[in-house]
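For reference, the structure discussed in these notes is given below.
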Amino acid sequence: MIGLCPAGNGHYRDVFGKVEEGVVYAKPTKLAEHGGMNPDDQHVLMLIDTPGAHHHAVSAPVETTQVAPTTLALLGLNPRDLRAVRVEGTAVLPGLFRRL
Numbered sequence: 090m091i092g093l094c095p096a097g098n099g100h101y102r103d104v105f106g107k108v109e110e111g112v113v114y115a116k117p118t119k120l121a122e123h124g125g126m127n128p129d130d131q132h133v134l135m136l137i138d139t140p141g142a143h144h145h146a147v148s149a150p151v152e153t154t155q156v157a158p159t160t161l162a163l164l165g166l167n168p169r170d171l172r173a174v175r176v177e178g179t180a181v182l183p184g185l186f187r188r189l
């Protein structure tokens, strides 16, 4: 279930979801999967809302490993404090900070 609550200014400020443990939200023939080359696994929606952010879309290839360093940067913390970021050279999500 996804709910959207209008903020009164044309924007939606609350997005939430409810999932049930053990439920696979896919075709009935899909038993389990942990990533892969399937487009459904590679093309996912990511929403980021921060104070002062302007609405825009970024169509760039990204990886889920970029979520943690981006979250740290948004909190004003140094993403390079994460060892994995230093070792793998993981960047924050593109196009986010130029519009804040």
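Its first residue numbered 90, the sequence shown is counted upward by one per residue in the working numbering. For glycine and all other residues, C-beta sits at the position ideal for the given N, C-alpha and C.
As assigned by DSSP and simplified to three states, the class of residue i
i: G106; result: strand
i: L161; result: helix
i: V151; result: coil
i: P128; result: helix
i: P168; result: helix
i: V112; result: coil
Start and end residues, alpha helix (DSSP H) containing residue i
i: V176; result: 172-177
i: L182; result: Where L182 is concerned, there is no enclosing alpha helix (DSSP H), given that its DSSP letter is neither H nor E.
i: V133; result: Neither: V133 is in no alpha helix (DSSP H) and is coded neither H nor E.
Beta-carbon gap between residue i and residue j smaller than 9 angstroms
i: V174; j: P158; result: yes
i: L163; j: T139; result: yes
i: L171; j: T179; result: yes
i: T154; j: E177; result: yes
Residue closest to residue i, alpha-carbon to alpha-carbon, out of the options
i: L182; options: P150, N167, N127; result: P150
i: V156; options: L136, H145, H143; result: L136
i: E152; options: A142, H132, A115, V176; result: H132
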